[in-house]
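Chemist: Numbering (our numbering), first residue to last: 849 to 1070. Here a beta-carbon is modelled for each residue, glycine too, at the ideal position from N, C-alpha and C. Fair warning: this is a prediction, and the values are worked out from it, not measured in the lab. Sending over a structure as structure tokens; questions will come in a sec.
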Ligand SMILES: C[S@@+](CC[C@H](N)C(=O)[O-])C[C@H]1O[C@@H](n2cnc3c(N)ncnc32)[C@H](O)[C@@H]1O
């Protein structure tokens, strides 16, 4: 497959439709993807991902309609995917329609709170085997840190871990600053024209797993 240009990807994003015309700057389409993405930074990100080696097993935290999950996989090969979403987004009902269109094998779908101990139990069999993560769930400082501590337990060293809204949402920007100081994460790319899509490499250098305080309160160094 020839690599599409950023312009071709941008055009495809607009054609797939957003979640909210005024907020995202391109129209909602009734049978579309309900993307919650800025055209400029998301096309740059998808173009970057289209040039990465395939993922064998990925996790998405916070899928809403699942439009992003589908769109990315049209350009970036992901063999298997784990889905986690609390299921409360007003457009989550589109996931039922979009899910069969996603080019991946969905090996686990958890509609629940990513911070719950019961969710962690279901995910632990995949510990240190996940090579790609897209984290876009709870946008609070505590909630995103809890998700990142979970990622530290699940990701394989060398994995790519993507965070959305690390520019626009102050709590996510705070986590972004902490990640820059972490020995376990290296910033690979930062696509910012509006919300901020940051791409990190999980190094696993510290070799330490998460503690109960990390998981329960989001406390501690990432
Ligand atoms: C901003 S939306 C995700 C948008 C989507 N990634 C996209 O690009 O179109 C955030 C999603 O995270 C989910 N969410 C929020 N808190 C969560 C939690 N604690 N556990 C799991 N999902 C959560 C919401 O239900 C919502 O679907």
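Beta carbon of residue 933: closer than 6 angstroms to some heavy atom of ligand 1?
Modeler: yes
Chemist: Which value, in whole angstroms, describes the spacing of the CA atoms of residue 929 and residue 864?
Modeler: 21 angstroms
Chemist: Would residue 951 pass as a contact of residue 904 if the rule is Cβ separation under 7 angstroms?
Modeler: no
Chemist: Do residue 1020 and residue 806 come within 7 angstroms of each other at the CB atom, strictly closer than that value?
Modeler: Limits of the chain in this structure are 849 at one end and 1070 at the other, which puts residue 806 out of reach.
Chemist: Using the C-alpha atoms, what's the distance from residue 964 back to residue 888?
Modeler: Their backbone Cα atoms lie some 34 angstroms apart in a straight line.
Chemist: Out of curiosity, what's the CA-to-CA distance linking residue 1009 and residue 1049?
Modeler: 6 angstroms
Chemist: Hey, out of 1069, 939 and 934, whose CA is closest to residue 962's CA?
Modeler: Ranking the options by Cα distance to residue 962, first place goes to 934.
Chemist: Opposite residue 982 in the DSSP bridges: which residues?
Modeler: 908 and 1010
Chemist: Measure the Cβ-Cβ separation of residue 943 and residue 914 and say whether it is below 7 angstroms.
Modeler: yes
Chemist: Is residue 831 near residue 983, with beta carbons less than 7 angstroms apart?
Modeler: Coverage of the chain is limited to positions 849 through 1070, which leaves residue 831 absent and any answer about it impossible.
Chemist: Of the choices 1036, 953, 886 and 882, whose alpha-carbon is the least far from that of residue 907?
Modeler: 953
Chemist: Check the C-beta distance from residue 1053 over to residue 1031 and give it rounded, since I have them as a contact under 8 angstroms.
Modeler: Their Cβ separation, rounded to whole angstroms, is 5 angstroms, which keeps residue 1053 and residue 1031 in contact under 8 angstroms.
Chemist: Which residues share a DSSP beta bridge with residue 883?
Modeler: 866
Chemist: Count the other CB atoms, across all protein chains shown, that sit within 10 Å of the CB of residue 945; report buried if there are 16 or more and exposed otherwise.
Modeler: exposed
Chemist: With distance defined between alpha-carbon atoms, name the residue in 1027, 912 and 1007 nearest to residue 932.
Modeler: 912
Chemist: I'd like the list of long-range same chain contacts for residue 976, defined as Cβ closer than 6 angstroms, with 5 residues on each side in sequence excluded.
Modeler: Answer for residue 976: 1004, listed in chain order.
Chemist: Apply the 10 Å Cβ neighbour rule to residue 851 and answer buried if 16 or more other Cβ atoms are within range, or exposed otherwise.
Modeler: exposed
Chemist: Using a threshold of 7 angstroms, state whether the C-beta atoms of residue 886 and residue 1043 are closer than that.
Modeler: yes
Chemist: Under 7 angstroms, do residue 970 and residue 959 count as touching if we go by C-beta distance?
Modeler: no
Chemist: Which residue wins for smallest C-alpha separation from residue 1013, given the options 938, 1033, 1047 and 895?
Modeler: 1047
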